[in-house]
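> Could you have a look at this structure, given as structure tokens, before my questions?
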Amino acid sequence: MTYPDTYYSRTRADRAERAPLAASLDCDTVVIGGGLAGLTTALELARGGQAVILLEKESVGFGASGRNGGFVSPGYSTGGDEIAARAGREAAAHLHRLSIEGMDYVRDTISALKIEGTNPQPGILSVLRYEDGDGLKAYAEKLDRDYGYRLEFLDTPALREKLRSKRYFQALRDGRAFHMHPLNYLRGLAREIERLGGRIFEGSEVTACRLDGAEKIVSTARGTVKARQVVFTTGGYTGSLDGRLKRAFLPIATYVMLTEEAPDLISRVIATRDAIGDNRRAGDYYRLVEGGKRILWGGRITTRAASPEALARELRREMVGTYPELAELKTEIAWSGLMAYARHLMPQIGERQPGVWHCTAFGGHGLNTTAIGGKVVAEGILGQSDRYRLFKPFGLVWAGGMAGLATAQLTYWKLQVQDWWRERAA
Ligand SMILES: Cc1cc2nc3c(=O)[nH]c(=O)nc-3n(C[C@H](O)[C@H](O)[C@H](O)COP(=O)(O)OP(=O)(O)OC[C@H]3O[C@@H](n4cnc5c(N)ncnc54)[C@H](O)[C@@H]3O)c2cc1C
């Protein structure tokens with residue numbers, strides 16, 4: 265079983281292992297990559313009656329899907345205005361509704377399949393590190409008006425009742441969003457795919473693909489799969505398998521740490537079971553786990569994988585800066601993961617030639633969007649809808665290679681400086 269050492273791999277409920285592909289098999293659709301995008305696509309295809317095979321290089325959930333913060337909320341990695349600028353207002357509104365549907369899909373799937381160990385907990389607080397109550401209220405009113413989506417406004421005293429930090433001013437609470445254990449969730453999806461007759465092979469890196477012709481052939485070290493449809497869902501872990509995909513997005517690393525157990529100390533400063541995220545670009549996000557015994561704290565992005573230990577020190581500095589009372593709280597474990605970002609910051613979803621699909625580049629907002637991405641791709645393959653076409657304005661554009669990575673890092677630093685100035689002015 266190849267999982268990195270994370271809080272999630274330590275606490276996974278289901279420890280089943282799957283054999284590598286070692287035969288020549290046929291199916292309707294072969295899915296490459298066992299993250300949430302691949303698993304959701306495969307599940308929806310299996311539900312639609314297809315014979316589906318999923319090939320995963322390591323173990324299902326080895327990538328970002330099994331290592332993330334566990335926040336499930338509406339939206340994408342970029343804002344509504346940027347989406348509208350490229351796709352138009354109406355399409356942007358449709359896309360936002362899809363992102364809400366994706367969030368609801370995850371919640372409903374957990375409850376319909378009774379997936380063990382997911383611990384879904386409602387409530388995400390989006391907090392401001394400077395004064396702008398009016399801006400937050402205006403944003404909440406707009407969401408209510410446009411989508412009937414309700415958020416609760418918290419002023420500074422109400423927020424500081426829950427979070428005892430001088431860094432925070434106002435907040436919006438989303439009671440429909442939730443947080444959960446993502447690795448247990450996706451392992452529940454894998455089990456359901458198999459219960460419906462789908463087949464999953466782990467330790468099965470796809471090393472070659474023949475994509476021309478009606479019948480596609482994908483190969484691993486010890487086997488092949490023939491299928492009429494292929495779906496690429498390899499995310500930030502995409503190697504050199506497919507040049508066009510590799511050039512279309514950039515792998516960006518981000519970091520999470522888990523504290524030691526200290527329920528009494530933690531409850532003195534964090535008096536809520538809601539998950540918390542601040543509104544900076546690549547800001548802090550954290551939540552209590554194990555009934556409030558520990559904090560799982562995430563943040564930071566880098567374009568070159570830094571050591572998790574060095575980044576854990578930075579995350580700790582953020583945590584103690586926010587809550588000085590936690591100065592003695594130790595970090596027990598830290599890890600990193602790779603997200604895939606396209607230049608337009610939106611998911612890349614579609615059929616690039618007959619029978620060749622991609623569903624990827626979900627960035628740092630992947631839990632709801634992989635769910636809806638997998639669903640609309642499966643609907644497209646099954647001929648049930650063409651909702652996947654809504655993502656057409658966000659194609660496989662070149663992400664800029666090494667220069668793109670350097671630009672991403674510079675942009676991040678620039679945004680960090682802007683955030684810092686805004687807070688100094690608060
Ligand atoms: C640390 C971290 C925190 C995050 N926090 C959140 C959060 O709180 N909320 C949120 O919404 N989003 C969050 N995200 C983003 C979210 O996790 C991702 O957008 C999402 O999981 C991407 O899913 P995916 O299926 O596209 O890719 P992945 O989960 O990365 O899956 C890709 C899979 O493809 C496999 N693969 C690659 N190449 C091959 C090959 N040739 N053959 C076979 N298999 C292959 C890999 O091994 C991998 O398992 C976070 C991401 C990270 C890294």
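Going by our numbering, 335 is the number at position 71 of the sequence shown; the sequence numbering is gapless.
All C-beta atoms in this analysis are idealised placements derived from N, C-alpha and C, irrespective of residue type, glycine included.
Please state whether DSSP places Ile374 in a helix, a strand or coil.
It is helical.
> Once you ignore the five residues that flank Gln434 on each side, which residues in its own chain have a CB closer than 8 Å to its CB?
So the qualifying residues of the chain are Val391, Leu392, Glu395, Asp396, Gly397, Leu400, Phe417, Leu418, Asp419, Thr420 and Leu423.
> Measuring only the C-alpha atoms, how far is Ala283 from Gly477?
In a straight line, the C-alpha of Ala283 is about 29 Å away from that of Gly477.
> I'd like the span of the alpha helix (DSSP H) that includes Tyr449, first residue to last.
It spans Pro446 to Arg459 - the alpha helix (DSSP H) in which Tyr449 sits, taken as one unbroken run.
> Please report the straight-line C-alpha distance between Ile597 and Glu573, rounded to a whole angstrom.
Their Cα atoms are separated by approximately 9 Å.
> With burial defined as no fewer than 16 other Cβ atoms inside 10 Å of the residue's Cβ, what is the status of Lys378: buried or exposed?
With fewer than 16 Cβ atoms within 10 Å of its Cβ, Lys378 is classed as exposed.
> When we look at the beta-carbon of Pro618 and count the other beta-carbons within 10 Å, is it buried (16 or more) or exposed?
So Pro618 ends up on the exposed side.
> Any idea what DSSP makes of Ser390, helix, strand or coil?
Strand.
> Between the C-alpha atoms of Ala315 and Ser273, what's the straight-line distance to the nearest angstrom?
Their backbone Cα atoms lie some 29 Å apart in a straight line.
> Tyr605 lies in the beta strand (DSSP E); which residues open and close that run?
Per DSSP, Tyr605 belongs to the beta strand (DSSP E) from Thr595 to Ala606.
> Compare the C-alpha of Glu320 against each of Thr266, Glu354 and Thr342 and name the closest.
The candidate whose alpha carbon is nearest that of Glu320 is Thr266.
> Just verifying my parser: in three-state terms, what is the DSSP assignment at Pro515?
Pro515: strand per DSSP, three-state reduction.
> May I ask you to check if the CB of Ala576 is nearer than 7 Å to at least one heavy atom of ligand 1?
Checking the Cβ of Ala576 against ligand 1 gives no.
> Are there any heavy atoms of ligand 1 lying less than 7 Å away from the beta-carbon of Lys406, as far as the coordinates show?
No, Cβ of Lys406 sits at least 7 Å from all heavy atoms of ligand 1.
> Is Gly500 helix, strand or coil by DSSP?
Helix at Gly500.
> Beta-carbon separation of Leu318 and Gly344 under 8 Å?
Going by C-beta atoms, Leu318 is not nearer than 8 Å to Gly344.
> Taking only three categories from DSSP, how would you classify Phe655?
Here Phe655 sits in helix by DSSP.
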